[in-house]
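Report on the following structure.
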Amino acid sequence: MSKKTVAADAMTQTVSANASSEAIITTHGLTKTYVKGKIETPALRGVNMEIPRGSFSCIIGPSGHGKSTLMHLVGGLDRASSGDVVIDGIKIADLNDNELSELRASKIGFVFQFFNLLQNLTALENVETAMMFNKNVPAKSKEQRARALELLKLVGLEDKAHAKPNELSGGQQQRVSIARSLANDPEILLMDEPTGNLDSKSEEEVLDQLLRIHATGKTIVIVTHNTEVSDRAEILYEVRDGKLSSVTKK
Amino acid sequence: MNTLSLVMRNITRRKGRFIFTLLGIAIGMAAFVALLALGGGMRAEIRNQAQAMGANLIVTPTDWCTFDQISIFTGEPLPASLSSEVLDEIRDIEGIFVAPYLTQASAIDMTPVAVIGIEVETMKEFSQWEMAEGQYFSTDADRSVVLGASIANQFDLGLGQEVIIRGESFPIVGVLEPVDNLDDLGVYLPIPVVQEAFEIDDNISYIGVQVENIENVESYRAAILDRVNVAVSSDEQLLESVLAILGSVEVTLQAVAAISLVAASFGIVNTMMTAIYERRREIGILRSIGSKRADIFKIFMLESAIYGLLGGVIGSAVGVLVSLFAAPTIMAGFDQIMKGASLEASIEPMTIVTAIGLSIAIAVVAGLYPAWKASNLTPVEAISYE
Chain R
1 MSKKTVAADA MTQTVSANAS SEAIITTHGL TKTYVKGKIE TPALRGVNME
51 IPRGSFSCII GPSGHGKSTL MHLVGGLDRA SSGDVVIDGI KIADLNDNEL
101 SELRASKIGF VFQFFNLLQN LTALENVETA MMFNKNVPAK SKEQRARALE
151 LLKLVGLEDK AHAKPNELSG GQQQRVSIAR SLANDPEILL MDEPTGNLDS
201 KSEEEVLDQL LRIHATGKTI VIVTHNTEVS DRAEILYEVR DGKLSSVTKK
Chain P
251 MNTLSLVMRN ITRRKGRFIF TLLGIAIGMA AFVALLALGG GMRAEIRNQA
301 QAMGANLIVT PTDWCTFDQI SIFTGEPLPA SLSSEVLDEI RDIEGIFVAP
351 YLTQASAIDM TPVAVIGIEV ETMKEFSQWE MAEGQYFSTD ADRSVVLGAS
401 IANQFDLGLG QEVIIRGESF PIVGVLEPVD NLDDLGVYLP IPVVQEAFEI
451 DDNISYIGVQ VENIENVESY RAAILDRVNV AVSSDEQLLE SVLAILGSVE
501 VTLQAVAAIS LVAASFGIVN TMMTAIYERR REIGILRSIG SKRADIFKIF
551 MLESAIYGLL GGVIGSAVGV LVSLFAAPTI MAGFDQIMKG ASLEASIEPM
601 TIVTAIGLSI AIAVVAGLYP AWKASNLTPV EAISYE
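Keeping their order, the protein sequence lines are chains R and P. The numbering of the first sequence is the working numbering, which starts it at 1 and goes up by one. The numbering of the second sequence is the working numbering, which starts it at 251 and goes up by one.
Rendered as structure tokens:
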């Protein structure tokens with residue numbers, strides 16, 4: 001596989017991984033500064049990037065350099081200090097809190113390192129819960145249940161549908177989490193170290209799932225340190241010191 | 251999955267905390283409902299007693315205090331300070347019918363009883379008594395007693411037996427049919443006999459007045475006051491005096507119940523605040539999967555409201571049971587102040603509805619601040635919480 005690496009000065013120019021592909025996520029001069037009392041800590045210092053629709057991308061870089069912050073801003077979990085995030089043509093900064101929630105519910109699925117399942121609900125109920133807040137998915141509980149079962153089947157956990165998270169292995173919990181992220185049929189899946197808490201066998205299972213999901217046309221963006229994961233990505237975005245330092249297209 | 255089922259899962263996940271929080275509000279509500287039910291029962295009984303007297307106006311000496319006046323309803327001994335001249339003056343007024351009473355204290359088998367002097371002929375008509383056994387008095391000079399039904403039953407007394415009053419034996423000539431009020435607990439003698447036995451001059455305690463035309467009760471009152479220097483109260487006024495005293499007792503007790511409810515509401519605040527800290531990450535998860543601030547607010551408010559609803563339902567049920575079972579015990583005390591009364595808890599459906607509504611309202615108010623706190627967490631600060 002040939003590689004093409006572009007050095008990026010993210011403060012000044014937009015780096016497009018694939019100029020011919022339509023971008024589903026675009027950021028312009030994105031900055032984020034955390035303020036605690038009088039102390040200001042800049043986490044992102046102006047990131048310009050475009051992530052093509054249907055791509056499998058990884059955001060890599062050393063710990064503490066702004067990868068997760070970038071994912072939170074791109075996913076609308078947090079507000080930028082300045083700059084824009086545009087998701088499928090929608091400028092996040094223009095959305096109010098409710099509209100942003102609707103965007104998260106309909107267009108983005110999240111997968112986290114520590115699975116973040118609701119511990120008092122079964123695997124099936126965890127997947128169903130994601131549908132509670134989206135107006136565009138079936139409101140009837142029977143239909144929700146059928147879809148949740150279908151998704152658990154997709155991740156090979158239909159036999160664990162009624163198990164609580166603490167009855168599942170780490171890999172199984174992460175697969176439930178992936179099923180949940182797909183509940184509202186979002187176009188984008190954002191994942192923060194999805195294999196960071198898994199053994200190698202579980203990691204392999206989860207990666208296989210992700211590739212299968214990517215094959216259905218979803219845009220997948222993964223924040224990771226794991227080379228097993230980043231090796232499979234089509235595009236690598238490297239974040240250093242709060243800036244996009246390079247983009248590698250494979 | 252819907253909000254309610256999610257809330258029910260949340261609320262019952264820590265069973266111990268759930269039960270103790272629920273107990274707090276349920277106990278407060280139980281006290282509140284029991285007090286309302288018993289208070290309602292007392293009110294009903296006092297009204298019943300007042301109606302049983304059959305008088306529209308009560309004439310008493312001017313120096314009687316409210317306590318003396320309401321003692322008419324409670325069968326307590328009363329001072330004998332109205333003269334027979336006063337009685338005659340009032341009796342001369344057209345359109346009214348008067349019945350004098352002389353209430354004194356005695357004892358049977360060391361138990362206090364009310365000895366009530368009456369005018370034989372007047373009282374027969376005024377109270378429309380029926381005889382269960384024996385005969386009524388024939389004249390005001392009869393040195394005998396007629397017993398109320400409950401007194402006869404309580405001391406197992408009947409015809410042929412005697413009652414000793416102030417050292418003198420009086421034969422029992424008759425027992426009244428039960429009338430289910432204060433009259434059942436009287437030991438009746440003609441007024442002159444009581445006056446002689448208790449060494450009271452020609453005085454009586456108070457006068458019951460029936461008026462011909464109830465619409466003109468105020469003009470009769472004016473006519474009485476015009477003739478003699480007495481106090482005239484309507485039975486409604488006396489009733490209001492009694493109910494006002496009872497009302498202030500009720501308000502005090504309900505205030506105590508209300509304080510326990512307020513304390514319970516802080517229990518809800520505490521439980522909900524703890525839940526927010528424990529479930530901070532979960533709030534973040536819900537926010538990340540698309541829930542709005544309003545959804546989080548709704549979830550926490552619903553949890554509080556369910557505490558209120560369940561606390562209200564359980565508390566009301568316990569309160570009703572307590573009032574039903576406690577009524578006879580409380581009756582023992584109530585009987586001391588209102589002889590012949592029978593106390594039953596007055597459980598109105600509206601009381602239950604009010605109690606449950608109040609419980610929910612308190613819980614909702616208690617839940618406002620925690621729910622607001624929870625809904626104001628940003629998704630990223632909640633999801634990043636360790």
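We put the beta carbon where it would ideally sit given N, CA and C, even for glycine. Remember, it's a predicted structure, so these values are computed and weren't measured experimentally.
Going residue by residue through the stretch 378-450 of chain P, where are the continuous beta strand (DSSP E) segments of at least 3 residues, counting only ones entirely within it?
381-384, 395-397, 412-415, 418-426, 436-440
Could you pull the DSSP bridge partners for Asp-84 of chain R from this structure?
Answer is R:His-28.
So, does the CB of Gly-278 of chain P fall closer than 8 Å to a CB anywhere in chain R?
no
Can you check whether the C-beta of Thr-628 of chain P is within less than 8 Å of a C-beta belonging to chain R?
yes
Does chain R have any CB closer than 8 Å to the CB of Gly-540 of chain P?
yes
Could you tell me whether the stretch 37-46 of chain R touches the stretch 58-76 of chain R, where touching means 3 or more Cβ pairs closer than 8 Å?
yes
Comparing the C-beta of Asn-96 of chain R with each C-beta of chain P, is any distance below 8 Å?
So, not an interface residue.
Going along chain P in order, which residues have a C-beta closer than 8 Å to the C-beta of Glu-128 of chain R?
At a C-beta separation below 8 Å, Glu-128 of chain R has these neighbours in chain P: Met-251.
Uninterrupted beta strand (DSSP E) stretches inside the stretch 447-484 of chain P (no shorter than 3 residues):
456-461, 481-484
Where does Val-309 of chain P sit, in a helix, a strand or coil, going by DSSP?
strand
Secondary structure at Ile-358 of chain P, three-state DSSP: helix, strand or coil?
strand
Looking at chain P, is there any beta carbon in it that lies within less than 8 Å of the beta carbon of Asp-159 of chain R?
False, the Cβ-Cβ gap to chain P never drops below 8 Å.
Any chance you could list the beta strand (DSSP E) runs of at least 3 consecutive residues sitting entirely within the stretch 73-148 of chain R, in chain order?
82-87, 108-111
DSSP-derived helix/strand/coil call for Ile-587 of chain P:
With a pLDDT of only 49 at Ile-587 of chain P, under the threshold of 50, the placement of this residue in the model should not be trusted, and no figure is reported.
Here's a check: name, in chain order, each residue in its chain whose Cβ is nearer than 7 Å to the Cβ of Ile-415 of chain P, leaving out the five neighbours to either side.
Result list for Ile-415 of chain P: Ser-356, Val-365, Ala-447, in chain order.
Can you pull the chain P neighbours of Ser-65 of chain R, defined as C-beta to C-beta under 8 Å?
Note that residue 65 of chain R corresponds to His in the displayed sequence, not to Ser. Simply none; closest approach about 17 Å.
Within this structure, are the beta carbons of Glu-204 of chain R and Ile-60 of chain R separated by less than 8 Å?
no
Output yes if chain R places a C-beta closer than 8 Å to the C-beta of Leu-254 of chain P; else output no.
no
Beta-carbon within less than 8 Å of Asn-479 of chain P's beta-carbon, same chain only, minus the 5 sequence neighbours each way: which residues are those?
Thr-312
Buried or exposed for Gln-173 of chain R, going by 16 or more other Cβ atoms inside 10 Å?
buried
Opposite Glu-40 of chain R in the DSSP bridges: which residues?
In the DSSP output, where bridge partners are listed per residue, Glu-40 of chain R has R:Val-35.
Coarse secondary structure for Val-223 of chain R, derived from DSSP in three states:
strand
Classify Phe-110 of chain R: buried if its beta carbon has 16 or more other beta carbons within 10 angstroms, exposed otherwise.
buried
Under a three-way DSSP split, which group does Ile-322 of chain P fall into?
helix
Give the single residue among P:Arg-341, P:Gly-517, P:Val-363 whose Cα lies nearest to the Cα of Thr-372 of chain P.
P:Arg-341
Would you kindly report the start and end of the unbroken alpha helix (DSSP H) that includes Ser-609 of chain P?
599-625
Would you call the CB atoms of Val-395 of chain P and Tyr-386 of chain P closer than 8 Å?
It is not a contact, given that the beta carbons lie outside the stated cut-off.
Less than 8 Å between CB atoms is the rule here; does Arg-232 of chain R satisfy it with respect to chain P?
no
Between Arg-147 of chain R and Ala-183 of chain R, how many whole angstroms is the CB-CB distance? I'm expecting something under 8 Å.
Their Cβ separation, rounded to whole angstroms, is 7 Å, which keeps Arg-147 of chain R and Ala-183 of chain R in contact under 8 Å.
Measure the Cβ-Cβ separation of Met-522 of chain P and Ser-554 of chain P and say whether it is below 8 Å.
yes
Please report the distance separating the alpha-carbon of Gly-534 of chain P from that of Arg-259 of chain P.
In this structure, the CA atom of Gly-534 of chain P is about 17 Å from the CA atom of Arg-259 of chain P.
Using a Cβ cut-off of 8 Å (strictly closer), state whether Phe-56 of chain R contacts chain P.
no
Rounded to whole angstroms, what's the CA-CA distance from Lys-140 of chain R to Val-206 of chain R? Just pull it up for me.
30 Å
Gln-354 of chain P, buried or exposed, once every other Cβ within 10 Å from all chains shown has been counted against 16
buried
Kindly give me the distance between the Cβ atoms of Met-132 of chain R and Thr-253 of chain P, rounded to whole angstroms, as I take these residues to be in contact under 8 Å.
By a beta-carbon distance limit of 8 Å, Met-132 of chain R contacts Thr-253 of chain P. Their separation comes to about 7 Å.
Chain-ordered chain P contacts of Asp-78 of chain R [CB-CB under 8 Å]:
Thr-628, Pro-629, Val-630
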